[in-house]
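>
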Amino acid sequence: MERWHTHVLREKIDPSSMLIQGNRACALGALDAGVRFFAGYPITPSSEIMEAMAVELPKVGGVFLQMEDEIASICACIGGSLAGQLAMTATSGPGFSLMQEAIGYAIMVEAPLLIVDVMRAGPSTGRPTAPSQGDVMQARWGTHGDHPAVVLAASNVADMYRLTMAAVRFAQRFRTPVTLLADEVVGHMRESFAPELIDRYRLTSGDFDFSPSYIHPELVREVHPPHVLGSEAHPHVTGLIHDETGFPTNDPQKSEKFLRELYDKVGNHRDELCLYDVKNEGKGRVCIVAYGSCARSARAAWKLAEKEGLQVEVLHLYTLFPLPVEIIQKVARRVEFMLIPELNLGQYAREVRKMAENWTTVISMGKIDGTLITPREILDRVTELVGKYESV
Amino acid sequence: MSEVLDIEQFLHTERLPHIWCPGCGNGIVTGAFLRAVLDLGLVREKTVVVGGIGCSSRAVGYIDLGTVHSIHGRALAFATGIKMARPDFTVVVLTGDGDGAAIGGNHFIHACRRNIDITCILFNNQTYGMTGGQVSPTMDPGDRGTTAPYGSIEPSFDLCRLAEAAGASFVARGIAANIRPLERLIKQGIQHKGFSFIEAVVPCPTEYGKRNPPAGVIAMLDDTKARSISVTAAAKMTPDELRDKIVTGILYEDDEAPEFQSAYAAIVERAQAGAAEAPARPKQPAAPRKPRKTAPERPPARNGEAADASGLPLEGGE
Chain Y
1 MERWHTHVLR EKIDPSSMLI QGNRACALGA LDAGVRFFAG YPITPSSEIM
51 EAMAVELPKV GGVFLQMEDE IASICACIGG SLAGQLAMTA TSGPGFSLMQ
101 EAIGYAIMVE APLLIVDVMR AGPSTGRPTA PSQGDVMQAR WGTHGDHPAV
151 VLAASNVADM YRLTMAAVRF AQRFRTPVTL LADEVVGHMR ESFAPELIDR
201 YRLTSGDFDF SPSYIHPELV REVHPPHVLG SEAHPHVTGL IHDETGFPTN
251 DPQKSEKFLR ELYDKVGNHR DELCLYDVKN EGKGRVCIVA YGSCARSARA
301 AWKLAEKEGL QVEVLHLYTL FPLPVEIIQK VARRVEFMLI PELNLGQYAR
351 EVRKMAENWT TVISMGKIDG TLITPREILD RVTELVGKYE SV
Chain U
1001 MSEVLDIEQF LHTERLPHIW CPGCGNGIVT GAFLRAVLDL GLVREKTVVV
1051 GGIGCSSRAV GYIDLGTVHS IHGRALAFAT GIKMARPDFT VVVLTGDGDG
1101 AAIGGNHFIH ACRRNIDITC ILFNNQTYGM TGGQVSPTMD PGDRGTTAPY
1151 GSIEPSFDLC RLAEAAGASF VARGIAANIR PLERLIKQGI QHKGFSFIEA
1201 VVPCPTEYGK RNPPAGVIAM LDDTKARSIS VTAAAKMTPD ELRDKIVTGI
1251 LYEDDEAPEF QSAYAAIVER AQAGAAEAPA RPKQPAAPRK PRKTAPERPP
1301 ARNGEAADAS GLPLEGGE
């Protein structure tokens, strides 16, 4: 049984048989990655992350704040970040919507930050305890203006730990807010997992060395000089379009240069940012492209299909944005169908279609009734597609 | 003269002239704040000024300290994060009546309630100057704004009473027309440990004055001066006599109220000593709040001796 305090888990239970909830694994990952500042506001289904931080942060001398709303939470995090702390908040759809203006500010002032959104069925209050992947496009385009976004998606408890760490690393190195999406079922489910076993879960392009310092020693070259309050530079920080000095500018050339660099620092580094896993590579005529809880069903569908004598490829995406263009186009060139099961009405399928429609047929498989997509449902759709093709 | 040169070290003079209109009171309050910084000998690297959005908050763009020009209404939330991340910083928020009391009203009352050691200077010009003179929550009923062409029908906030009721442990009001007392209030506010709220009444001749009498900056300054009255004098007046008056000075002060950052530091100490799992301490009854120094609309809680320390010279003092 999982105990309430994460430290109890770590000290008293055999790590190879640790049973832990997704949300708590996320808190554990954040602490292990060096996060020492949390400001949040309670919301189902993410509150356990906040509760774990309330227990653990004081023990390591970190800052824990329960703010008056989600807007205040993210603003306090940006304040903490500007003052040199690795900051984090966790929320769900309605709170994530409230945070959007400030997320744009964090992108603009290049404040590293981790935002965890444990998605619940929306819109509005929706169904707070039902899983959903309805915030995918909000995570990409929620704040106004053209901006870059780094968005990761966790599919199980191990992901909640290691992708939290990856998100922190990306936030530091790229100096930008990073959003980690989890659906309710990933946040609330309990699985056996231990940080010590992390090596078993390595990703295709991922090794997760992270710097414990606030300013990563290897910032990507497009990042502007970090403005840290308390440093000798006593900087000026503003959400107005500014140049390298930090002061606002109305100069068209400088404005464009600044915004292009913001964009490029993410877009130019897709090879590093795009984490994914390809299963059953190059086999079968259909590739299931999935993320979050649906990726688990997709993997199970592949096993099930194998038993039934059918080959299916699975592309499990851990990074949704920046768009993993290269791998999607590579797979698109070799399969006849790409099937995208997701707990929304095809938000990510539209993105995949943009990238892949020249080479393959992209089929969206959306579900919005608040239940999971089962492996059998996916396999039935695959069989239908293959059968359709054969009958033509 | 030398004082002017002295505060220049805290100004980005290359960013001047500023964007404020002729006759605006914001420069007066900014100057008073910088003289307070100078007098208190604050360390540049450890002094952070946070603004929101609006005319008042633009001050942070000219001040050469650590400055954050944040988003509309959220300056106090940013400041809370900064103060908690770096308790050694002196954190000051410059905000306006729209930024601080309308869109930022929720953060305002909660920052007061936490009694976190931040100084909030609110430039009250009773209107949204930057967007063109719309109704603000401190505009007097009947006054005109571009969104109340027939006169505002909303009652206005008394922000000092709001701050005090919400839990701020230092509450003061000054007017741009009396610079030295304002400067002293800011200085005392920064020195105070806990949440300090200083309302600075400033004229906005461009957007407020052109629609509401008295027109013109001199008339506006004279008017606030004529209507301002010290807490000491206010304590002896009836609510009727106090109508339309601007009560200035320290309206509330409590040096013993628990401060948030220190309380959190004690939690860290307890957690690190392994006390997290210990049963919660029996609930302590909350200490009664210190009575008001004056109660302009109510009988004074304490008379005479309580008010004398805050009585500031108002007219022609300096």
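Quick note, the sequences are listed as chains Y and U, same order.
Residue 218 in my numbering is what sits at position 218 of the first sequence, and the numbering runs on without skipping anything.
Count along the second sequence from 1, then add 1000; that gives the number in my numbering.
All residues carry an ideal CB built from backbone N, CA and C; glycine is no exception.
Taking 8 Å as the threshold (beta carbon to beta carbon), is Met-189 of chain Y in contact with chain U?
Look at Met-189 of chain Y: its C-beta is not under 8 Å from any C-beta on chain U.
> What does DSSP give as the partner residue(s) for His-1069 of chain U in the beta ladder?
Y:Thr-238 and U:Gly-1051
> Quick one: residues in its chain with C-beta nearer than 7 Å to the C-beta of Ile-1103 of chain U, no 5 flanking neighbours on either side, listed in chain order?
Within the same chain, and ignoring the five residues on either side of Ile-1103 of chain U in sequence, the residues whose Cβ sits closer than 7 Å to its Cβ are His-1072 and Gly-1073.
> Excluding the 5 residues preceding and the 5 following Leu-372 of chain Y in the sequence, name in chain order all residues of the same chain whose CB lies nearer than 7 Å to its CB.
Pro-131, Val-185, Ser-293 and Ser-297
> Do the CB positions of Leu-86 of chain Y and Phe-37 of chain Y come within less than 8 Å of each other?
yes
> Looking at the secondary structure, which residues open and close the alpha helix (DSSP H) in which Pro-252 of chain Y lies?
252-267
> Cβ closer than 9 Å: which chain U residues qualify as neighbours of Ser-231 of chain Y?
Glu-1045 and Gly-1066
> Please report how far the alpha carbon of Pro-225 of chain Y lies from the alpha carbon of Ala-52 of chain Y, in whole angstroms.
34 Å
> How about Gly-1132 of chain U and Thr-1146 of chain U: are their beta carbons less than 8 Å apart?
Cβ distance < 8 Å, so Gly-1132 of chain U and Thr-1146 of chain U count as in contact.
> How long is the line joining the alpha carbons of Asp-1222 of chain U and Gly-1054 of chain U, rounded to whole angstroms?
25 Å
> Quick check on DSSP: helix, strand or coil for Ser-1262 of chain U?
helix
> Would DSSP call Pro-341 of chain Y helix, strand or coil?
strand
> Nearest by alpha-carbon distance to Ala-1226 of chain U: which of U:Thr-1232, U:Glu-1164, U:Asn-1212 and U:Ile-1246 is it?
Considering only alpha carbons, the answer is U:Ile-1246.
> Let me know the secondary structure DSSP gives Met-67 of chain Y once reduced to three states.
coil
> Is the Cβ of Ala-39 of chain Y closer than 8 Å to any Cβ of chain U?
yes
> Contact between the region 70-89 of chain Y and the region 1063-1083 of chain U: three or more CB pairs below 8 Å?
Contact holds: three or more Cβ-Cβ distances are below 8 Å.
> So which of U:Val-1043, U:Gly-1100 and U:Ser-1070 has the shortest CA-CA distance to His-234 of chain Y?
Each of U:Val-1043, U:Gly-1100 and U:Ser-1070 was checked against the Cα of His-234 of chain Y, and the nearest Cα belongs to U:Val-1043.
> Looking at the unbroken alpha helix (DSSP H) that takes in Ala-1257 of chain U, where does it start and where does it end?
It is not in any alpha helix (DSSP H) - Ala-1257 of chain U carries neither H nor E in the DSSP assignment.
> Where does Pro-128 of chain Y sit, in a helix, a strand or coil, going by DSSP?
strand
> Can you say whether Asp-1254 of chain U is buried or exposed, counting buried as having 16 or more other CB atoms within 10 angstroms of its CB?
buried
> Cutting at 7 Å between CB atoms, please list the residues of its own chain near Ile-13 of chain Y, excluding the five before and the five after it.
Note that Ile-13 of chain Y has pLDDT 44, beneath the 50 cutoff, so the model's placement of it is unreliable and no number is given.
> List, from N- to C-terminal side, the beta strand (DSSP E) runs of 3 residues or more that fit wholly inside the region 136-205 of chain Y.
150-154, 177-183 and 190-192
> With H, G and I counted as helix, E and B as strand and the rest as coil, what does DSSP make of Leu-219 of chain Y?
In this structure, Leu-219 of chain Y counts as coil in the three-state DSSP scheme.
> Does any residue of chain Y bring its CB to less than 8 Å from the CB of Phe-1010 of chain U?
Judged by the 8 Å Cβ criterion, Phe-1010 of chain U is not in contact with chain Y.
> Could you work out which residue in U:Ala-1215, U:Asp-1140, U:Glu-1259 and U:Asp-1064 is closest to Gly-1194 of chain U when comparing CA atoms only?
U:Glu-1259
> Less than 8 Å between the beta carbons of Met-182 of chain Y and Met-119 of chain Y, yes or no?
Just to set this straight, residue 182 of chain Y is Ala in the shown sequence, not Met. A contact, by the Cβ cut-off of 8 Å.
> Could you check what DSSP says for Arg-1114 of chain U in three-state terms: helix, strand or coil?
helix
> Compile a chain-ordered list of the residues in the region 1077-1093 of chain U whose CB is closer than 7 Å to at least one CB of chain Y.
Ala-1077, Phe-1078, Ala-1079, Thr-1080, Gly-1081, Ile-1082, Met-1084, Ala-1085, Arg-1086 and Phe-1089
> Which same chain residues end up closer than 7 Å to Thr-360 of chain Y when comparing Cβ atoms and leaving out the 5 residues on each side of it in sequence?
Ala-332, Val-335, Glu-336, Phe-337 and Met-338
> With 8 Å set as the bound, which would you pick, yes or no: does the beta-carbon of Ser-1070 of chain U sit closer than that to a beta-carbon of chain Y?
yes
> Determine the closest residue to Gly-145 of chain Y out of Y:Ala-83, Y:Gly-61 and Y:Ile-241, with distance taken between C-alpha atoms.
Y:Ile-241
> In chain order, which alpha helix (DSSP H) runs of at least 4 residues are fully inside the region 1069-1157 of chain U?
Listed in chain order, they are 1075-1085 and 1105-1114.
> Starting from the Cα of Ile-1153 of chain U, find the closest Cα among U:Cys-1160, U:Leu-1159 and U:Arg-1144 and give me that residue.
U:Arg-1144
> List, in chain order, every chain U residue whose beta-carbon is nearer than 9 Å to that of Gln-100 of chain Y.
Neighbours of Gln-100 of chain Y on chain U: none; closest Cβ ~11 Å, over 9 Å.
> What is the rounded straight-line gap between the Cα of Ile-1218 of chain U and the Cα of Ile-1179 of chain U?
15 Å
> Per the DSSP calculation, Gly-1249 of chain U is bridged to which residue(s)?
In the DSSP output, where bridge partners are listed per residue, Gly-1249 of chain U has U:Arg-1173.
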